[in-house]
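See structure below.
In the working numbering, the protein residues as written are -1 to 298.
This is the structure we're talking about:
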(Lines of atoms letter the chains of each structure in order from A and count residues from 1; the text may use other names and numbers.)
(Lines give C-alpha, C1' and ligand atoms only; values in the text may rest on other atoms or scores of the structure.)
Protein backbone atom coordinates (compact mmCIF):
# COMPACT_ATOMS: atom_id res chain seq x y z
CA UNK A 1 0.00 0.00 0.00
CA UNK A 2 1.37 3.43 -0.94
CA UNK A 3 2.26 6.03 1.70
CA UNK A 4 2.68 8.80 -0.89
CA UNK A 5 -0.22 10.79 0.62
CA UNK A 6 1.63 10.90 3.94
CA UNK A 7 4.93 11.80 2.28
CA UNK A 8 3.13 14.66 0.56
CA UNK A 9 2.28 16.10 3.99
CA UNK A 10 5.57 15.49 5.80
CA UNK A 11 7.91 16.04 2.85
CA UNK A 12 7.45 19.78 2.31
CA UNK A 13 10.51 20.84 4.28
CA UNK A 14 10.90 22.09 7.84
CA UNK A 15 8.62 25.12 7.36
CA UNK A 16 6.09 23.74 4.91
CA UNK A 17 5.56 20.20 6.28
CA UNK A 18 2.30 19.36 8.02
CA UNK A 19 2.25 17.27 11.18
CA UNK A 20 0.30 14.00 11.20
CA UNK A 21 -2.36 13.15 13.73
CA UNK A 22 -1.74 10.30 16.14
CA UNK A 23 -4.00 8.00 14.12
CA UNK A 24 -2.31 8.93 10.84
CA UNK A 25 1.14 8.38 12.36
CA UNK A 26 0.07 4.98 13.68
CA UNK A 27 -1.26 3.97 10.26
CA UNK A 28 1.91 5.17 8.53
CA UNK A 29 4.27 3.41 10.93
CA UNK A 30 2.17 0.27 10.79
CA UNK A 31 2.57 0.11 7.01
CA UNK A 32 6.32 0.69 7.35
CA UNK A 33 6.80 -1.97 10.04
CA UNK A 34 4.68 -4.46 8.09
CA UNK A 35 6.93 -4.03 5.04
CA UNK A 36 4.11 -2.77 2.84
CA UNK A 37 6.01 0.20 1.37
CA UNK A 38 8.56 0.33 -1.42
CA UNK A 39 12.24 1.02 -0.74
CA UNK A 40 11.88 4.39 -2.49
CA UNK A 41 8.96 5.38 -0.27
CA UNK A 42 10.78 4.14 2.83
CA UNK A 43 13.80 6.31 2.03
CA UNK A 44 11.56 9.29 1.32
CA UNK A 45 9.78 8.80 4.65
CA UNK A 46 13.05 8.61 6.59
CA UNK A 47 14.55 11.71 4.98
CA UNK A 48 11.32 13.72 5.21
CA UNK A 49 10.97 12.96 8.93
CA UNK A 50 14.65 13.72 9.50
CA UNK A 51 14.15 17.20 8.06
CA UNK A 52 10.75 17.86 9.65
CA UNK A 53 11.28 16.28 13.06
CA UNK A 54 8.67 14.30 14.99
CA UNK A 55 5.93 15.89 17.07
CA UNK A 56 4.81 14.24 20.33
CA UNK A 57 1.51 13.28 18.63
CA UNK A 58 3.42 11.58 15.83
CA UNK A 59 5.71 9.76 18.26
CA UNK A 60 2.66 8.60 20.21
CA UNK A 61 1.19 7.22 16.99
CA UNK A 62 4.45 5.53 16.03
CA UNK A 63 4.52 3.97 19.52
CA UNK A 64 0.94 2.73 19.11
CA UNK A 65 1.90 0.95 15.90
CA UNK A 66 5.09 -0.52 17.35
CA UNK A 67 3.43 -1.81 20.51
CA UNK A 68 0.75 -3.55 18.43
CA UNK A 69 3.48 -5.49 16.59
CA UNK A 70 5.95 -6.34 19.36
CA UNK A 71 6.50 -9.88 20.56
CA UNK A 72 6.07 -9.02 24.26
CA UNK A 73 8.23 -10.28 27.09
CA UNK A 74 6.24 -11.21 30.19
CA UNK A 75 7.39 -10.69 33.76
CA UNK A 76 6.20 -11.48 37.24
CA UNK A 77 6.67 -8.56 39.57
CA UNK A 78 8.37 -5.19 38.98
CA UNK A 79 10.21 -4.92 35.68
CA UNK A 80 12.61 -2.29 34.33
CA UNK A 81 13.29 -1.73 30.62
CA UNK A 82 16.69 -0.49 29.42
CA UNK A 83 17.03 0.35 25.71
CA UNK A 84 20.64 0.02 24.54
CA UNK A 85 21.36 1.12 20.98
CA UNK A 86 24.41 3.40 21.01
CA UNK A 87 27.20 1.46 22.71
CA UNK A 88 30.64 2.68 23.75
CA UNK A 89 32.59 5.24 21.76
CA UNK A 90 35.02 6.83 24.25
CA UNK A 91 33.72 5.57 27.61
CA UNK A 92 32.95 1.99 28.67
CA UNK A 93 29.29 1.05 28.15
CA UNK A 94 27.99 0.56 31.69
CA UNK A 95 24.37 -0.24 30.84
CA UNK A 96 24.99 -3.95 31.65
CA UNK A 97 26.38 -2.94 35.06
CA UNK A 98 23.28 -0.80 35.71
CA UNK A 99 21.09 -3.76 34.71
CA UNK A 100 22.78 -6.07 37.22
CA UNK A 101 22.68 -3.46 39.97
CA UNK A 102 18.92 -3.20 39.42
CA UNK A 103 18.52 -6.99 39.32
CA UNK A 104 20.34 -7.13 42.65
CA UNK A 105 17.44 -5.09 44.04
CA UNK A 106 15.06 -7.89 43.08
CA UNK A 107 13.85 -6.33 39.81
CA UNK A 108 13.35 -8.13 36.51
CA UNK A 109 15.46 -6.25 33.94
CA UNK A 110 14.92 -6.30 30.18
CA UNK A 111 17.56 -4.78 27.92
CA UNK A 112 16.84 -4.54 24.21
CA UNK A 113 18.90 -3.24 21.35
CA UNK A 114 20.93 -3.77 18.22
CA UNK A 115 24.10 -2.25 16.82
CA UNK A 116 23.17 0.96 14.99
CA UNK A 117 26.70 2.24 14.42
CA UNK A 118 29.79 0.36 13.35
CA UNK A 119 32.87 0.36 15.52
CA UNK A 120 31.14 0.70 18.91
CA UNK A 121 31.16 -1.82 21.75
CA UNK A 122 27.58 -2.88 22.48
CA UNK A 123 25.80 -3.95 25.64
CA UNK A 124 25.12 -7.28 23.97
CA UNK A 125 28.86 -7.91 23.65
CA UNK A 126 29.52 -6.95 27.27
CA UNK A 127 26.63 -9.11 28.50
CA UNK A 128 27.98 -12.04 26.48
CA UNK A 129 31.33 -11.59 28.24
CA UNK A 130 29.42 -11.65 31.54
CA UNK A 131 27.67 -14.91 30.62
CA UNK A 132 24.30 -13.45 29.58
CA UNK A 133 23.27 -14.65 26.12
CA UNK A 134 20.79 -12.83 23.92
CA UNK A 135 17.26 -14.21 23.66
CA UNK A 136 16.29 -15.97 20.44
CA UNK A 137 12.57 -15.66 21.19
CA UNK A 138 10.40 -13.83 23.68
CA UNK A 139 10.00 -15.48 27.08
CA UNK A 140 9.18 -14.59 30.66
CA UNK A 141 11.79 -12.82 32.77
CA UNK A 142 12.07 -13.58 36.47
CA UNK A 143 12.75 -11.29 39.41
CA UNK A 144 16.49 -10.57 39.86
CA UNK A 145 17.14 -11.69 36.25
CA UNK A 146 18.75 -9.75 33.41
CA UNK A 147 17.78 -10.61 29.84
CA UNK A 148 18.80 -9.06 26.53
CA UNK A 149 16.32 -9.07 23.63
CA UNK A 150 17.68 -8.19 20.18
CA UNK A 151 15.38 -5.81 18.32
CA UNK A 152 14.71 -8.35 15.59
CA UNK A 153 13.30 -10.76 18.19
CA UNK A 154 10.86 -8.08 19.36
CA UNK A 155 9.89 -6.72 15.95
CA UNK A 156 11.66 -7.57 12.69
CA UNK A 157 10.16 -4.54 10.94
CA UNK A 158 11.64 -2.20 13.54
CA UNK A 159 15.08 -3.71 13.01
CA UNK A 160 14.73 -3.18 9.25
CA UNK A 161 13.82 0.46 9.80
CA UNK A 162 16.85 0.98 12.05
CA UNK A 163 19.07 -0.57 9.38
CA UNK A 164 18.02 2.09 6.86
CA UNK A 165 20.58 4.32 8.56
CA UNK A 166 23.38 2.12 7.23
CA UNK A 167 22.19 2.89 3.68
CA UNK A 168 20.96 6.49 3.95
CA UNK A 169 23.46 7.64 6.59
CA UNK A 170 20.89 9.52 8.68
CA UNK A 171 18.88 8.62 11.77
CA UNK A 172 15.12 8.22 11.35
CA UNK A 173 12.10 8.00 13.70
CA UNK A 174 13.00 4.43 14.64
CA UNK A 175 16.05 5.68 16.55
CA UNK A 176 13.79 7.73 18.82
CA UNK A 177 11.08 5.09 18.85
CA UNK A 178 13.26 2.32 20.29
CA UNK A 179 14.08 4.51 23.29
CA UNK A 180 10.37 4.91 24.05
CA UNK A 181 8.92 1.43 23.61
CA UNK A 182 7.96 -0.95 26.40
CA UNK A 183 8.55 -4.47 25.04
CA UNK A 184 7.05 -6.15 28.10
CA UNK A 185 3.46 -7.12 28.75
CA UNK A 186 3.60 -5.34 32.12
CA UNK A 187 1.66 -2.10 31.92
CA UNK A 188 3.45 -0.76 35.02
CA UNK A 189 6.96 -1.53 33.73
CA UNK A 190 9.41 1.33 34.21
CA UNK A 191 11.19 2.47 31.06
CA UNK A 192 14.57 4.13 31.59
CA UNK A 193 15.22 6.46 28.68
CA UNK A 194 17.84 9.04 27.81
CA UNK A 195 18.61 11.91 25.49
CA UNK A 196 21.80 13.43 24.14
CA UNK A 197 20.60 16.88 23.00
CA UNK A 198 18.30 19.30 24.91
CA UNK A 199 15.66 19.35 22.15
CA UNK A 200 15.15 15.61 22.57
CA UNK A 201 14.68 16.09 26.32
CA UNK A 202 11.70 18.33 25.54
CA UNK A 203 10.16 16.09 22.88
CA UNK A 204 10.62 12.88 24.89
CA UNK A 205 9.13 14.45 28.01
CA UNK A 206 6.14 15.66 25.99
CA UNK A 207 5.64 12.16 24.55
CA UNK A 208 5.78 10.55 28.00
CA UNK A 209 3.24 13.07 29.29
CA UNK A 210 0.95 12.53 26.30
CA UNK A 211 1.03 8.73 26.46
CA UNK A 212 0.94 8.47 30.25
CA UNK A 213 4.04 6.27 30.25
CA UNK A 214 5.92 5.21 33.38
CA UNK A 215 9.47 6.32 32.70
CA UNK A 216 12.70 7.72 34.09
CA UNK A 217 14.37 10.29 31.82
CA UNK A 218 17.95 11.52 32.07
CA UNK A 219 20.84 12.69 29.95
CA UNK A 220 22.67 9.44 29.28
CA UNK A 221 26.23 8.49 28.45
CA UNK A 222 27.09 8.60 24.74
CA UNK A 223 23.45 7.84 23.95
CA UNK A 224 23.11 5.03 26.50
CA UNK A 225 20.51 5.14 29.29
CA UNK A 226 23.08 4.77 32.07
CA UNK A 227 24.10 7.85 34.05
CA UNK A 228 27.57 9.22 33.35
CA UNK A 229 29.77 7.60 36.00
CA UNK A 230 31.71 10.86 36.38
CA UNK A 231 28.85 13.32 37.05
CA UNK A 232 25.26 12.77 38.18
CA UNK A 233 22.68 14.06 35.66
CA UNK A 234 19.18 15.32 36.36
CA UNK A 235 16.62 12.50 36.55
CA UNK A 236 12.86 12.95 36.14
CA UNK A 237 10.13 10.38 36.62
CA UNK A 238 6.93 10.28 34.55
CA UNK A 239 3.87 8.46 35.87
CA UNK A 240 0.42 8.79 34.27
CA UNK A 241 1.35 12.10 32.65
CA UNK A 242 2.82 13.65 35.80
CA UNK A 243 6.48 14.66 35.95
CA UNK A 244 8.47 14.45 39.20
CA UNK A 245 12.07 15.56 39.72
CA UNK A 246 13.91 12.79 41.56
CA UNK A 247 17.57 13.77 41.19
CA UNK A 248 19.10 17.18 40.62
CA UNK A 249 22.05 17.53 38.28
CA UNK A 250 25.45 17.62 39.94
CA UNK A 251 27.12 21.00 39.64
CA UNK A 252 30.56 22.38 40.36
CA UNK A 253 33.99 20.91 39.80
CA UNK A 254 34.62 17.19 40.08
CA UNK A 255 36.81 16.42 43.09
CA UNK A 256 37.42 12.75 42.36
CA UNK A 257 36.87 10.59 39.28
CA UNK A 258 35.72 6.96 39.53
CA UNK A 259 38.08 4.12 38.67
CA UNK A 260 36.82 3.35 35.19
CA UNK A 261 38.61 0.92 32.86
CA UNK A 262 40.88 2.62 30.37
CA UNK A 263 40.11 -0.03 27.76
CA UNK A 264 36.48 -0.03 26.58
CA UNK A 265 36.44 -3.44 24.89
CA UNK A 266 33.75 -5.89 25.97
CA UNK A 267 36.04 -8.11 28.06
CA UNK A 268 37.57 -5.20 30.01
CA UNK A 269 34.16 -3.65 30.64
CA UNK A 270 32.74 -6.99 31.79
CA UNK A 271 35.64 -7.49 34.21
CA UNK A 272 35.08 -4.02 35.64
CA UNK A 273 31.33 -4.62 36.03
CA UNK A 274 31.91 -7.93 37.77
CA UNK A 275 34.48 -6.35 40.12
CA UNK A 276 31.91 -3.71 41.10
CA UNK A 277 29.18 -6.32 41.60
CA UNK A 278 31.50 -8.42 43.78
CA UNK A 279 32.39 -5.42 45.94
CA UNK A 280 36.00 -5.25 44.82
CA UNK A 281 35.43 -1.77 43.39
CA UNK A 282 32.90 0.86 44.51
CA UNK A 283 29.68 1.50 42.62
CA UNK A 284 30.09 4.88 40.87
CA UNK A 285 27.97 7.40 42.78
CA UNK A 286 25.86 8.48 39.77
CA UNK A 287 24.89 4.84 39.09
CA UNK A 288 24.01 4.31 42.75
CA UNK A 289 21.76 7.38 42.57
CA UNK A 290 20.21 6.10 39.35
CA UNK A 291 19.35 2.78 40.99
CA UNK A 292 17.66 4.63 43.85
CA UNK A 293 15.81 6.85 41.36
CA UNK A 294 14.48 3.74 39.59
CA UNK A 295 13.22 2.35 42.88
CA UNK A 296 11.58 5.70 43.70
CA UNK A 297 9.94 5.88 40.28
CA UNK A 298 8.52 2.37 40.67
CA UNK A 299 7.01 3.40 43.99
CA UNK A 300 5.21 6.48 42.60
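Here a beta-carbon is modelled for each residue, glycine too, at the ideal position from N, C-alpha and C. Only a predicted model underlies this, so the values are computations on that prediction, with no experimental measurement involved.
Only counting runs of 4 or more residues, tell me where the alpha helix (DSSP H) segments fall wholly within the segment 33 to 102, in order along the chain. 37 to 50, 54 to 67 and 93 to 101
Nearest to residue 22 by alpha carbon, out of 121, 277, 1 and 44? 1
Within its chain, find whatever has a CB closer than 6 Å to the CB of residue 189; leave out the 5 residues flanking it on each side and keep chain order. 79, 180 and 213
Can you tell me the Cβ-Cβ gap for residue 256 and residue 282, rounded? I've got them flagged as a contact below 8 Å. 4 Å
Buried versus exposed, by CB contacts within 10 Å (16 or more), residue 138: exposed
So, for residue 265: in the same chain, excluding its five sequence neighbours on each side, which residues have a beta-carbon less than 7 Å away from its beta-carbon? 127
Flag this pair as touching only if the segment 196 to 208 and the segment 97 to 113 have three or more C-beta atom pairs under 8 Å; answer yes or no. no
Checking 9 Å against the spacing of the C-beta atoms, do residue 49 and residue 11 come in under that value? yes
Smallest Cα separation from residue 226: which of 104, 186, 286 and 6? 286
State the DSSP-derived secondary structure class of residue 289, mapped to helix, strand or coil. helix
Between residue 308 and residue 234, is the Cβ-Cβ spacing less than 9 Å? Nothing in the structure corresponds to residue 308, since the chain is present only between -1 and 298.
Which one of 116, 142 and 156 has the shortest CA to CA distance from residue 110? 156
Residue 298 versus residue 238 - alpha carbon distance: 10 Å
Is the Cβ-Cβ distance between residue 222 and residue 93 less than 9 Å? yes
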